[in-house]
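The structure appears below as structure tokens.
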Amino acid sequence: MPGCGKHPRELGPGGKLQRCGGCKFVQYCSKECQKRHWKFSTYPHKAVCAQLKNLLAVAPFEIQGLEGYAPFILACEEALTPVEADRLASELGPYVPT
């Protein structure tokens, strides 16, 4: 899902999602969507982009529905110290789906 919540099918024929240039994780349907999500959304991407980039460097992750989170969480637990994991959890908490 892109940062705006649109489903890729809503983009129409030939429509493509683009990934954030920083974290390479969050997808956007347009430059306007990306700019809006960077600062002005409920959970602005600017607040977590660098943390996501660092986290994904030690625990690669590809979303395949919510079941994709279990291997990601295990990889994080193996790659991070408890202090690092607690710090990231507190910083990313509002951004992680429950």
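Each residue of the sequence shown is one higher than the one before, starting from 1 at the first, in full-length UniProt numbering. Note that the Cβ used here is the ideal one computed from N, Cα and C, for glycine as well.
Looking only at Q18, A75, S41, the smallest Cα-Cα distance to Y28 is reached by Q18.
Using a Cβ distance threshold of 8 Å, A59 and A75 count as a contacting pair. When rounded, the separation of the alpha-carbon atoms in A47 and E10 is 27 Å. Within 10 angstroms of the beta-carbon of V83 lie fewer than 16 other beta-carbons, which makes it exposed. If you draw a straight line from the Cα of E78 to the Cα of L55, it is about 12 Å long.
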